[in-house]
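Have a look at the structure below before the remarks.
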Amino acid sequence: MDLQSIVAEIAAEMADRPDRGEVATYIPQLARVDPARFGLAVALPDGTVHAAGDADLPFSVQSISKVFTLAIALGRFGDDLWMRVGREPSGQPFNSILQLETERGRPRNPFINAGAIVVTDAILAGHQPRELLGEILQFVRSAAGDEEIHINKSVAASEEATGHRNRALAEFIAAHDNLIHEPDYVLGTYFHQCAIDMTCRQLARAGLFLTNAEGTPSLVGPARVRRINALMMTCGHYDASGDFAYRVGLPGKSGVGGGILMVVPRRAAIAVWSPGLNAAGNSHLGTVAAEILTRRTGWSVFG
Ligand code: GLU
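For the sequence shown, the working numbering assigns the number 734 to the initial residue and increments by one for each residue that follows.
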């Protein structure tokens, strides 16, 4: 069966599923998203995008932004970044504070909130927050080949108003001398990067640089792309990263807005969005759909 039919069939199957998970409720902008939404887009290195369902509706990418800030940080600091943040799966929820205490303010990996806050702090060096946000947006826009990607200011404001736990994480990291800037300064930028809105079509296209396929935007070197993929595979779904690797078999990064970005090295980038989350805070139907898609296409990094 051709790819467009597979994508359309999965979207149709997902539309009828009664089990949709629970939308995030910590800010009103996410709480009021319709759980019936489902979008899927598969971008190929030649620029073709196979899309279905709500693939052209923007959603809040949230933690998926951590992939782009990591790419910028690795481009700027290379392996020096690893002095400040680890690269081991955490086995903990996205906002856990537990390990920070025992590991003395060096977060386990760049995809849990604590690690992403350190990454944002690192790339803020020498920039005003507004400039850095411009750079992050520019990175994502060039990756997607689409200028119509913006920050949702009302989401950023709500994140800021309810960000007590992230504030606690940042203060804790600062207490261990692992933050260059003031916690609130870093968090303002972090909340805005999480508040980028994208459609599945834009996100799938933005993920193409992670495929290392010929003809895709070359925003970071091939060796670094492999490493980002390794981190997505091992740490991209918080304490459900093992389960995602087992069920889907592709590097992926989820966000609490219900999006997941996945990479099929050399072949495709996939974005799926369904706002209902499972117990680990990852898109419930997004994961189910990814599992079906990889089964039908045979795509897996495990052979
Ligand atoms: N802005 C969210 C937070 O920091 C991102 C979490 C996520 O997408 O997993 O709480």
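Note that the Cβ used here is the ideal one computed from N, Cα and C, for glycine as well.
- A direct Cα-Cα distance of roughly 18 Å separates N962 from F872.
- Distances from the alpha-carbon of T922 to those of R1028, Q737, G1014, N885 put N885 closest.
- At a threshold of 7 Å, S951 does not count as near ligand 1, since its beta carbon sits no closer than that to any of the ligand's heavy atoms.
- Judged by DSSP secondary structure, V997 falls within the beta strand (DSSP E) whose first and last residues are 992 to 997.
- Closer than 7 Å to some heavy atom of ligand 1: that describes the Cβ of V989.
- Pairing P768 with G1009 gives a Cβ-Cβ distance under 8 Å.
- As computed with DSSP, L773 is found in a beta bridge with A785, V1005.
- L920 has its alpha-carbon roughly 22 Å from the corresponding atom of N1015.
- Taking all protein chains in view, the Cβ of W815 is surrounded by fewer than 16 other Cβ atoms within 10 Å, so the residue is classified as exposed.
- Contact between R837 and S823 is absent: CB atoms are separated by about 15 Å, not below the 8 Å threshold.
- Per DSSP, D930 is one residue of the beta strand (DSSP E) stretching across 929 to 931.
- For A776, the CB contacts under 6 Å within the same chain, skipping 5 residues up- and downstream, are V782, A937, R938, L941, A1002 in chain order.
- For S987, the enclosing beta strand (DSSP E) starts and ends at 985 to 987.
- For A748, the closest of L857, S1007, R809, P826 by C-alpha to C-alpha distance is S1007.
- Judged by their CB atoms, D930 and H860 are not nearer to each other than the 8 Å cut-off.
- When the beta-carbon positions are compared, D752 and R934 stay at least 8 Å from each other.
- Residue pairing by DSSP puts H883 in a beta bridge opposite D930.
- For the options V996, G982, F771, I993, the alpha carbon positioned closest to that of A741 is the one of F771.
- According to the DSSP assignment, M816 belongs to no alpha helix (DSSP H), since it is labelled neither H nor E.
- E755 is bridged by DSSP to L1010.
- Rounded to whole angstroms, A1022 and L763 show a C-alpha spacing of 21 Å.
- Boundaries cannot be given for I760, as no alpha helix (DSSP H) includes it and DSSP labels it neither H nor E.
- Taking the Cβ of Q825 as the reference point, every heavy atom of ligand 1 lies at 7 Å or farther away.
- Taken atom to atom, the span from the alpha-carbon of D976 to that of P998 is near 20 Å.
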